[in-house]
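Residue numbers (the numbering used here), protein chains in the order written: chain A, 11 to 332; chain B, 2 to 367.
Even glycine gets a Cβ: it sits at the ideal position worked out from N, Cα and C.
Below: one structure, written as structure tokens.
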Amino acid sequence: MDFLTLIQILDTTVRLATPLLFACLAGLYSERAGIFDIGLEGKMLAAAFFSAAFAAITGSVWLGLLAGMGASLFLSAVHGLASITFRGNQLISGVAINFLAAGLTVLIAQDWFQQGGRTPSLAGAARFNEIDLPFQSALADVPYLGPIYSELISGHSILVYVAFLTVPLTWYILFRTRFGLRLRAVGENPAAVDTAGVNVIWLRFVAVGICGVLCGLAGAYLATGLQAGFVKDMSSGRGFIALAALIFAKWRPWYALFACLLFGFFQALSFRPDVVKAVLQFEIPGQLMDALPYILTVVILAGFVGKAIPPRAGGEPYVKER
Amino acid sequence: MDVMPKWADAILIPILSILISFFLSGLVILYLGMNPFEALKLMVTGALGSTYGWGYTLYYTTNFIFTGLCAAIAFHARLFNIGGEGQATFGGLGVALVCLAVPWPHWTLALPAAMLGGALFGAAWAIIPAWLQAKRGSHIVITTIMFNYIVAALMVFLLVEVLKPEGSMDPATRRFGDGVALPKFSDIFGLFAIEFSDAAPANISFFIAILACYLFWLLVWRTKLGYELRAYGHSESAAAYAGISPTKMIIVAMMISGGLAGMMGINSVMATDRLVLNSVEGAGFIGLAVALMGRSHPVGIFLAALLFGFLYQGGGELALWASIPRELIILIQGLVILFTGALDNLVRMPLEKLFLLLRKPRSEEV
């Protein structure tokens with residue numbers, strides 16, 4: 011495998027890791043606040059559809075992004091209502107949200123566009139186009155560093171950079187601000203936070219809201235950045251891979267970055283079976299590459315490689331004592 | 002805290018929740034430009050208006066009974082088995098392997114063997130997550146989700162690389178042959194000289210599903226194991242104090258759960274006469290809705306499975322005759338899970354208040 015092939019694969023890795031990263035960080039906020047969210051997949055899907063649909067109708071990808079976030083936030087609100095206000099089962103609520111999104115997106119897509127559950131192809135200002143960082147063509151000829159800069163770092167859509175910047179931002183918010191401390195505390199011991207006079211319900215709703223915004227970004231990137239339009243079930247399990255990455259990362263932002271890059275790398279490799287074969291000298295079934303993130307997560311969960319300990323109060327509705 | 006009579010908890014709340022979900026589905030249909038009552042009429046005609054429709058409705062019902070029971074037995078042990086889909090997929094593989102292994106002379110021999118194969122494979126796919134939950138504390142919801150995806154990848158590999166006959170393009174096994182053809186409803190009802198469409202796939206496994214419901218009831222409410230499962234589901238610490246091993250309960254509950262999901266294969270796989278990709282078609286997830294709606298009781302599950310069988314077949318007819326895609330059923334499924342499962346308290350809280358109000362005057366008289 012030559013250097014340029016490696017750069018190409020890493021470039022694909024970055025693209026494929028971006029939606030995972032958004033969704034993974036989304037889950038991070040929610041789960042750190044004690045709200046399990048297996049509805050990441052559904053929120054991403056809804057955001058993907060509404061962003062593509064509004065981008066197609068208005069011609070502006072930014073309006074599309076807003077619509078996508080709006081749809082994702084709406085589902086977040088449903089999740090919050092079910093699991094915070096009405097103290098329902100968070101897992102069941104997440105499952106329900108996945109189905110709501112899977113059903114509604116196709117129904118509405120068919121009603122609006124009559125193209126068999128997809129949106130029209132997006133082009134121009136209706137998409138997040140690749141942006142070239144300064145000097146990328148001037149530096150392209152520099153050996154090694156040139157391709158790394160011009161192929162790998164430059165030439166992604168703006169959401170990719172936003173995703174990578176969200177990682178330090180999330181770290182700062184969670185571990186260096188008062189809000190972050192409270193958010194983490196509410197996922198470990200909500201009663202203590204309540205005793206300190208902080209509104210548990212409000213805090214959890216904020217966390218679920220942030221989760222909605224980030225899932226919105228993930229979905230919008232899928233439909234208007236990575237691809238040019240929405241197709242049925244286009245999130246194809248990415249929400250669950252993100253969930254797997256979150257566990258793999260033990261609910262920490264920087265680890266989440268590496269977990270998402272790793273899982274993105276597997277996805278990128280499954281597009282290049284020829285390279286995998288050339289490097290390993292034997293063939294690996296593509297399906298094994300597809301399943302690898304899930305297998306790794308099970309191994310991590312099993313505690314054979316480090317132990318993943320979830321936030322202590324995760325999954326339990328908070329009942330104020332009366 | 003029994004504020005409400007039992008019937009309200011078991012019947013009134015689910016019915017109200019379902020009505021809310023249907024009301025919202027109706028609004029969606031209205032938005033899509035169709036009169037919801039006309040849509041309902043179309044669905045009823047399509048699913049219940051002919052023996053052909055009934056044949057499909059009951060075929061789907063059979064699948065949903067198995068997956069519903071699969072989710073329900075786990076609910077009794079307070080385990081959330083979201084892996085019914087994967088267990089049914091793997092169970093389907095077991096059924097297919099049994100059917101392919103021997104040139105079966107008659108279905109009476111093939112069926113018990115296939116049931117065993119399906120149940121064993123389904124249970125095998127559930128036992129690893131169960132063991133990991135019991136011994137390593139890995140959250141069973143996450144592991145079973147992961148196992149759904151792993152088995153999906155595995156099936157693609159097996160059907161494309163291993164089980165596909167030479168020269169075939171479809172990712173599917175070869176046909177099982179007449180030796181494993183189960184008697185269809187047309188054959189069974191034919192014995193009593195009742196006409197039944199022979200194009201519909203409903204077959205004898207429907208009665209096996211009903212038998213499974215009865216055995217489920219026996220197991221959960223009439224055996225020591227069932228008592229232990231329910232005790233464990235109510236309180237792990239109390240059960241452990243009473244000498245019930247949590248490890249055993251988790252593993253047994255999940256194995257029964259996976260086995261029930263795997264048994265679905267006798268209906269879905271054997272009726273297709275070969276194993277195809279995605280033979281489960283989401284029935285594993287519908288099982289969750291069915292179990293929630295049926296309050297994890299076999300009678301409730303049977304009725305809920307029938308309702309979903311109707312929705313599934315009716316939804317297909319709707320997609321055929323009106324411009325409403327099949328995905329409507331996924332939406333309805335989501336709404337039912339949301340309102341009967343997660344938003345249960347939305348209905349329960351006001352009802353409890355209502356019952357308290359009704360009860361107060363009487364307690365003052367005493």
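Below 9 Å between beta carbons: does that hold for Pro320 (chain A) and Phe273 (chain A)? Translated into the one-based positions of the first sequence, residue 320 (chain A) becomes position 310. Translated into the one-based positions of the first sequence, residue 273 (chain A) becomes position 263. No, they are not a contact pair.
Quick one: any contact between the segment 282-295 of chain A and the segment 57-75 of chain A, if contact means 3 or more CB pairs under 8 Å? no
Taking the alpha-carbon positions, what's the Thr195 (chain B) to Gly54 (chain B) distance? The sequence position of residue 195 (chain B) within the second sequence is 194, counting from 1. The sequence position of residue 54 (chain B) within the second sequence is 53, counting from 1. The amino acid at residue 195 (chain B) is misidentified as Thr; the sequence shows Ile. Cα to Cα, Ile195 (chain B) sits roughly 16 Å from Gly54 (chain B).
Ala131 (chain B) and Pro247 (chain B) - do their beta-carbons sit closer together than 9 Å? Numbered from 1 along the second sequence, position 246 holds the residue referred to as residue 247 (chain B). Numbered from 1 along the second sequence, position 130 holds the residue referred to as residue 131 (chain B). It is not a contact, given that the beta carbons lie outside the stated cut-off.
Pairwise C-alpha distance: Gly315 (chain B) and Phe38 (chain B): Taking the second sequence and counting its residues from 1, the one referred to as residue 38 (chain B) is at position 37. Taking the second sequence and counting its residues from 1, the one referred to as residue 315 (chain B) is at position 314. Roughly 13 Å between the two C-alpha positions.
Closest to Ile334 (chain A) by C-alpha separation, out of B:Leu33, B:Phe148 and B:Lys354, would be which residue? Not covered by the structure: residue 334 (chain A). The range shown for chain A is 11 to 332.
Leaving aside the five residues before and after Ser164 (chain A) along the sequence, list all residues of the same chain whose C-beta is less than 6 Å from its C-beta, in chain order. Indexing the first sequence from 1 puts residue 164 (chain A) at position 154. The answer, listed in chain order, is Asp142, Leu143 and Gln146.
Got a sec: is the Cβ-Cβ distance from His77 (chain B) to anything in chain A below 9 Å? Residue numbering aside, residue 77 (chain B) sits at position 76 when the second sequence is read from its first letter. With 9 Å as the cut-off, His77 (chain B) does not count as an interface residue toward chain A.
Length-filtered (3 minimum) beta strand (DSSP E) runs lying within the segment 216-284 of chain A: none
Can you give me the Cβ contacts of Ile48 (chain A) inside the same chain, cut-off strictly under 7 Å, excluding the 5 residues immediately before and after it? Position 38 of the first sequence, counted from the first residue, corresponds to residue 48 (chain A). If we look at Ile48 (chain A) and ignore the five residues flanking it on each side, its Cβ neighbours are Leu101, Gly104, Val105 and Leu253.
Endpoints, the alpha helix (DSSP H) within which Gln334 (chain B) is located: Looking up residue 334 (chain B) in the second sequence gives position 333. Run containing Gln334 (chain B): Leu329 to Val337, per the alpha helix (DSSP H) assignment.
Taking the runs of the alpha helix (DSSP H) that are 4 residues or longer, which of them lie wholly in the segment 176-252 of chain B? 186-192, 206-223, 225-235 and 237-242
When the Cα atoms are used, what is the spatial distance from Ser51 (chain B) to Leu344 (chain B)? Here the question's residue 51 (chain B) lines up with position 50 in the second sequence. Here the question's residue 344 (chain B) lines up with position 343 in the second sequence. Straight-line Cα distance between these residues: approximately 36 Å.
When you compare the CB of Asp345 (chain B) with every CB in chain A, is at least one pair closer than 9 Å? Here residue 345 (chain B) is taken as the residue at index 344 of the second sequence, counted from 1. So yes, Asp345 (chain B) belongs to the interface.
Is Val367 (chain B) helix, strand or coil when you go by DSSP? Counted from its first residue, the second sequence places residue 367 (chain B) at position 366. With a pLDDT of 47 at Val367 (chain B), under the threshold of 50, the predicted position of this residue should be treated as unreliable, though the coordinate-derived value follows. Of the three classes helix, strand and coil, the one that applies to Val367 (chain B) here is coil, per DSSP.
Name, in chain order, the residues that DSSP records as bridge partners for Val277 (chain B). Position 276 of the second sequence holds residue 277 (chain B). In the DSSP output, where bridge partners are listed per residue, Val277 (chain B) has B:Ala173.
Contacts that Gln334 (chain B) makes with chain A (C-beta to C-beta distance below 7 Å): Translated into the one-based positions of the second sequence, residue 334 (chain B) becomes position 333. Under the 7 Å cutoff, chain A gives Phe109.
Taking Cβ positions, are Leu220 (chain B) and Ile257 (chain B) nearer each other than 9 Å? One-based indexing of the second sequence puts residue 220 (chain B) at position 219. One-based indexing of the second sequence puts residue 257 (chain B) at position 256. Yes, they are a contact pair.
Given that a residue counts as buried once 16 or more other Cβ atoms are within 10 Å of its Cβ, and exposed if not, what is Gln120 (chain A)? In the first sequence, counting from the first residue as 1, residue 120 (chain A) sits at position 110. Burial call: buried.
Contact criterion: CB-CB distance below 9 Å. Does Leu396 (chain B) meet it with respect to chain A? Residue 396 (chain B) lies beyond the residue range present for chain B, which begins at 2 and ends at 367; the question has no answer from this structure.
Straight-line gap, Leu352 (chain B) to Ile220 (chain A) (C-alpha atoms, nearest Å): Within the second sequence, numbered from 1, the residue matching residue 352 (chain B) stands at position 351. Within the first sequence, numbered from 1, the residue matching residue 220 (chain A) stands at position 210. Going by the C-alpha atoms only, they are around 33 Å apart.
Taking a contact to mean a Cβ-Cβ separation below 9 Å, would you say Phe138 (chain A) touches Leu267 (chain A) in this structure? As a first step, residue 138 (chain A) is located in the first sequence; it is residue number 128 there, counting from the start. As a first step, residue 267 (chain A) is located in the first sequence; it is residue number 257 there, counting from the start. In this structure, Leu267 (chain A) does not lie closer than 9 Å to Phe138 (chain A) by Cβ.
C-alpha distance - Val367 (chain B) paired with Leu358 (chain B), whole-angstrom precision: The sequence position of residue 367 (chain B) within the second sequence is 366, counting from 1. The sequence position of residue 358 (chain B) within the second sequence is 357, counting from 1. In this prediction, Val367 (chain B) scores a pLDDT of 47, lower than 50, which makes its location untrustworthy; no coordinate-derived value is stated.
Does the segment 74-91 of chain B come close enough to the segment 137-152 of chain B that 3 or more CB-CB pairs lie under 8 Å? yes
Rounded separation between Leu306 (chain A) and Gly87 (chain B) - CA only: Here residue 306 (chain A) refers to the residue found at position 296 when the first sequence is read from its first residue. Here residue 87 (chain B) refers to the residue found at position 86 when the second sequence is read from its first residue. Using only the alpha carbons, I get a separation of about 18 Å.
Contact set for Ala58 (chain A): own chain, Cβ-Cβ below 6 Å, skip 5 residues either direction: Residue numbering aside, residue 58 (chain A) sits at position 48 when the first sequence is read from its first letter. Cβ neighbours of Ala58 (chain A) beyond the five flanking positions: Gly229, Leu232, Ala233, Phe240 and Met244.
Taking Cβ-Cβ distances shorter than 9 Å, what residues in chain B pair up with Tyr304 (chain A)? Residue numbering aside, residue 304 (chain A) sits at position 294 when the first sequence is read from its first letter. Under the 9 Å cutoff, chain B gives Ile146, Met147, Phe148, Asn149, Tyr150, Ile151 and Ala154.
For chain B, find out if any of its Cβ atoms is closer than 9 Å to the Cβ of Thr129 (chain A); answer yes or no. Working through the first sequence from its first residue, we reach residue 129 (chain A) at position 119. It does not: the Cβ of Thr129 (chain A) has no partner Cβ on chain B nearer than 9 Å.
Pick helix, strand or coil for Ser70 (chain A), following the three-state DSSP scheme. Start at 1 with the first residue of the first sequence, and residue 70 (chain A) comes out as number 60. Coil at Ser70 (chain A), not helix or strand.
With Cys4 (chain A) and Ala27 (chain A) assumed to form a contact (beta carbons below 8 Å), what rounded beta-carbon distance in angstroms separates them? Residue 4 (chain A) is absent from the model: chain A starts at 11 and stops at 332.
Going along the chain, which residues of the segment 273-285 of chain A sit with their C-beta nearer than 7 Å to a C-beta in chain B? none
Against His140 (chain B), what residues of chain A qualify as contacts under a CB-to-CB distance less than 8 Å, listed in chain order? As a first step, residue 140 (chain B) is located in the second sequence; it is residue number 139 there, counting from the start. Near His140 (chain B) (Cβ distances below 8 Å), the residues of chain A are Leu311 and Pro320.
Where does Ile30 (chain B) sit, in a helix, a strand or coil, going by DSSP? Counted from its first residue, the second sequence places residue 30 (chain B) at position 29. In this structure, Ile30 (chain B) counts as helix in the three-state DSSP scheme.
Could you check the C-alpha separation between Tyr57 (chain B) and Ala111 (chain A) for me, to the nearest Å? Along the second sequence, read from residue 1 onward, the residue named residue 57 (chain B) stands at position 56. Along the first sequence, read from residue 1 onward, the residue named residue 111 (chain A) stands at position 101. Approximately 27 Å, taken between the alpha carbons.
Interface flag, Arg262 (chain A) vs chain B, CB-CB below 9 Å: The sequence position of residue 262 (chain A) within the first sequence is 252, counting from 1. So no, Arg262 (chain A) is outside the interface.
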